[in-house]
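Colleague:
Protein chains in written order, with my numbering: chain A, 1 to 436; chain B, 1001 to 1125; chain C, 2001 to 2481.
1. Give a yes or no on contact between the region 298-312 of chain A and the region 2461-2472 of chain C, applying the rule of three or more CB pairs nearer than 8 angstroms.
2. With distances taken between CB atoms, is the gap from residue 1942(C) to residue 2255(C) smaller than 8 angstroms?
3. Comparing C-alpha positions only, which one of 2038(C), 2101(C) and 2043(C) sits nearest to residue 411(A)?
4. Looking at the unbroken beta strand (DSSP E) that takes in residue 1043(B), where does it start and where does it end?
5. For residue 207(A), which residues in the same chain have their Cβ closer than 7 angstroms to its Cβ, ignoring the five residues on either side in sequence?
6. Can you pull the chain C residues whose beta carbon is under 7 angstroms from the beta carbon of residue 1026(B), in chain order?
7. Does residue 2250(C) pass the burial test, meaning 16 or more other C-beta atoms within 10 Å, or should it be called exposed?
8. Assuming residue 126(A) and residue 244(A) are in contact, meaning their beta carbons sit under 8 angstroms apart, how far apart are those beta carbons, in whole angstroms?
9. Beta carbon of residue 2266(C), beta carbon of residue 2244(C): below 8 angstroms?
10. So residue 2046(C) and residue 2079(C) are supposed to be a Cβ contact under 8 angstroms. How far apart are they, rounded?
11. Can you find a C-beta in chain A that's less than 8 angstroms from the C-beta of residue 2343(C)?
12. Determine, for residue 2471(C), whether the minimum Cβ-Cβ distance to residues of chain B falls below 8 angstroms.
13. Note down, in chain order, every chain C residue with its Cβ under 8 angstroms from the Cβ of residue 206(A).
14. Taking only beta carbons into account, state which residues of the region 2269-2281 of chain C come closer than 9 angstroms to chain A, listed in chain order.
15. Which residues does DSSP pair with residue 1075(B) in a beta bridge?
16. Buried or exposed for residue 2264(C), please, with buried defined as at least 16 other CB atoms from any protein chain shown within 10 angstroms of its CB.
17. May I have the straight-line CA-CA distance separating residue 1096(B) from residue 1027(B), to the nearest angstrom?
18. Have a look at residue 299(A) and residue 1068(B) and give me their C-alpha separation to the nearest angstrom.
19. Alpha carbon to alpha carbon, what distance is there between residue 193(A) and residue 2180(C)?
20. Residue 2293(C) touches chain A at which residues, Cβ-Cβ below 9 angstroms?
21. Our contact map puts residue 2141(C) next to residue 318(A) with C-beta atoms below 8 angstroms; I'd like the distance itself, whole angstroms only.
22. Grouping DSSP H, G and I as helix and E and B as strand, with all else coil, what is residue 160(A)?
23. Less than 8 angstroms between CB atoms is the rule here; does residue 1034(B) satisfy it with respect to chain A?
24. Taking contact to mean 3 or more Cβ pairs, one atom from each stretch, closer than 8 angstroms, check whether the region 136-156 of chain A and the region 2050-2070 of chain C are in contact.
25. How about residue 311(A): is its C-beta nearer than 8 angstroms to some C-beta of chain B?
26. What did DSSP end up calling residue 288(A) once you bin it into helix, strand or coil?
27. Rank 3(A), 29(A) and 71(A) by C-alpha distance to the C-alpha of residue 416(A) and give the top, closest one.
28. Please look up how many angstroms separate the CB atoms of residue 2406(C) and residue 2396(C), rounded, as I've assumed it's under 8 angstroms.
29. Nearest-angstrom Cα distance between residue 2306(C) and residue 1037(B)?
30. Among the candidates 2174(C), 2463(C), 2106(C) and 2136(C), whose CA atom is the shortest distance from the CA of residue 2283(C)?
31. What are the start and end residues of each continuous beta strand (DSSP E) run of 3 or more residues lying completely inside the region 2032-2077 of chain C, in chain order?
32. Measure the alpha-carbon distance for residue 2217(C) versus residue 2444(C) and round it to whole angstroms.
33. Since I believe residue 380(A) is in contact with residue 409(A) (beta carbons under 8 angstroms), could you give me their beta-carbon distance rounded to a whole number of angstroms?
34. What does residue 2163(C) pair with, by DSSP beta-bridge criteria?
35. Determine, using beta carbons only, whether residue 1001(B) comes closer than 8 angstroms to chain A.
36. So residue 212(A) and residue 371(A) are supposed to be a Cβ contact under 8 angstroms. How far apart are they, rounded?
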């Protein structure tokens, strides 16, 4: 009796195959494995039937607040946006889901053309010339962009603007630790005209949701011979000027808001775009258009000599995924939204956020501290933030992020088109009551 | 079998060099071009640099391989084949003529003793 | 044949079409930011919903996939991706779970991660596990960071060499380089085993780590593994195992018992999570207990009855925005729970039998790199066929015409005209027999009519591509005509 529905071989099949191989038992195939270490005991949890599996995981999921959440105001790098039915249905297609990296282009035109659409639409959304097929997530895309800029400029000093959140900075540290790269704060950048830097990293909208003057920062770092790297929130580009119109050299983003569930932080997709002149230093997969023998338009992985499987220790990165399936979600999302849809989502998020913020500001215990923000803002309060969130949770509403410091209690809310006017008003009412 | 011009000298790294007074023209051999396949990119970052024999002067890439380029003779890189940078296929089409890669200004020719003539090169490929 | 050419969306786009209706703003509007921050227009496709669905559905039909074809791609473990795993990962309580939520509201997620850490630790014999790495390559990088931090902590900053066999995946030297290590190549024998003499000559007080793949990239179990790990340990170094081929070892042997200190596992290979056309992956890193304090964060532990996240004492840091590829972790854990210990062992047993069966039946037709029994994959060489002008790539393309995905070609680099075949446990004997028949037919054809092979593929949506043009004049995004 076999233990798995995932194994088709019967006892007879196995016997026949072993006979052909010329082995009496399976064990005879394992002569190279040290005898003492063969067939160790595996103390694992008991196997479950499919039905029990579903029951078990439903139970686990119910231990998360998310199972009963009716609305969320949580952001900070992962955002709840509406995921269209088109995205959900396309991602279930096994032809996309269960194919491999398109090393055999003749048998992978589907994946490749979707990837080309992804690169095209992201390039258009960012108004940048070139985009790769995808990175792991936003923070790793930003870290790789910093390394890329240092290679291009042959200068290993990375300037970090205060708009960059702590988590991204931690990833940059883990990526650059052994590469002789120096990280300095923007405030410590020298005014000396002769000083030069590899790049300046800025995030806009910044870690607290505010819009930065990226163009001004670009001029400043360009005058010091460095590149400007902007990390952004892709939905904001439905309303705000894209990196390509702000003199930005390399632009990155967390692609999750474009049709991907927050899924406890992953899988996400990192977006990495740049000017065409820097393409040889771009890490990751790139898909290009070409023709086949009959001159038919077709698509293939290209510029592969940058990558680890060819250049090995001299590669631009060790990455060998493009997070293609998430790229499919993003591509279907952007195609579903179109120019008007992405604009609508951005504007709805903006106006609802500003309405929510200004109404909260009217409540005695709350003070809006953000000014020029997109859809995420900070409220200062005398009330303990955990108490605020607790009250909201009781009403099945996911509150904001606690960013209190030693001087004051602060809570950061993110608002999207998924926070309906009714929920916003209900939340305002709840928070207008006395909290203790 | 690939034709190996008799008037050139060869390095073991498959570069050829042609000397005309104090100018050395350098490219890669047909054998090298064939084993790399379709050349898609030539990168030379050593213009105006003084290089010693067998120093790296650039890289050449095909679709699925990359190879370092070394100068077969000491000298200063004075010219890059600009036409080649936009048409890397010249290396496949005609590696000994329009597929040349750089020109070096040389002081003397004593490095040539380290190189192979066409018959010796034939033997190593 | 139906014309399968699919026009790019921007070329189908018409102003005024849309694929979705969105809610109105619904609240009083505020003034917009200063005009210098505002965007004028966006160029994205405008298509109706049916055309969009038809476009992507038709594109999907141009792919080979596990769900439609046998995919014997060596070193990639293209096994069946159970549908139930997809269903489970999409449960609302997981999919809409926010990663910035506090621990008490994400106990379900943390418990799953904690349990998966334990199961992977038990399977590999390396009990301290971090689920953070987002892919195999990031798992390698994490492992190397751990090795560096360990030596650093023991005042051995000098250890900056990674010994890497010449048969290794390209990610190994690339990861070593990112970790600031000099990659020193170790020779392997003709059969892909580590050359012990070369290893002894190159091991010294500056060696940080030996990175080896087990089974090797030739699909063979390293017979000298115990001696190798001893040589490295005697010199103060650590041993890293690339777990790309872990599908051969489930319940067969444990890395930890062989003297290996660090390994990673590609959940999208061994533990059945979908490859998705090239990601998302997940590459947890497993280490011996004495290295636990260096693991990346966040790491999950149990404290009383509660699951909590924490930062190990000398952690190498944060590798990504949040917790790792959580949706992938859920799928992998569902797979492990659906099999249990006995089921997992049967996975490896059948993977190994299937590979040996293919090797045995094809050895008269293709050059074998080793006469030894293979593990879960076999590496053949098309050197015989090359004499008739048929190369590994031609055989690969002809197989596509026959309805099979191609094996991995030209890897490992040390084998001429390599064809690396990994059937996995998922395939029935009937499917495997059909594949063998096709391989034999191609070998015969290489003698009688090689052109039929070198012209392949002819039955696919496109014929062979001009990849040189793609690289010489890169067209990487849609351009206005």
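Ideal Cβ placement from N, Cα and C applies to all residues, glycine included. Computed from a predicted model, the values in this text were never measured in an experiment.
Modeller: Based on what the coordinates show:
1. yes
2. Residue 1942(C) is absent from the model: chain C starts at 2001 and stops at 2481.
3. 2101(C)
4. DSSP places residue 1043(B) in the uninterrupted beta strand (DSSP E) bounded by 1039-1044.
5. 163, 164 and 165
6. Ordered by position in chain C, no residue passes the 7 angstroms Cβ test against residue 1026(B), which lies about 22 angstroms from the chain.
7. buried
8. Contact annotation, residue 126(A) with residue 244(A): C-beta distance approximately 6 angstroms; criterion of less than 8 angstroms satisfied.
9. yes
10. Their Cβ separation, rounded to whole angstroms, is 41 angstroms, which puts residue 2046(C) and residue 2079(C) out of contact at 8 angstroms.
11. yes
12. Cβ-Cβ to chain B under 8 angstroms: yes for residue 2471(C).
13. Per Cβ cutoff of 8 angstroms: no residues; residue 206(A) is ~13 angstroms from chain C at best.
14. 2272, 2274, 2275, 2276, 2277, 2278, 2279, 2280 and 2281
15. 1051(B).
16. buried
17. 7 angstroms
18. 28 angstroms
19. 32 angstroms
20. Per Cβ cutoff of 9 angstroms: no residues; residue 2293(C) is ~16 angstroms from chain A at best.
21. 6 angstroms
22. strand
23. no
24. no
25. yes
26. strand
27. 71(A)
28. 3 angstroms
29. Between residue 2306(C) and residue 1037(B), the C-alpha separation is close to 60 angstroms.
30. If we check each option's Cα against that of residue 2283(C), 2136(C) comes out closest.
31. none
32. 28 angstroms
33. 7 angstroms
34. Residue pairing by DSSP puts residue 2163(C) in a beta bridge opposite 2184(C) and 2210(C).
35. Model confidence at residue 1001(B) stands at a pLDDT of 44, short of 50, so the residue's coordinates are unreliable; what they give is reported in the following sentence. So no, residue 1001(B) is outside the interface.
36. Actually they do not touch by this definition, with Cβ atoms about 12 angstroms apart.
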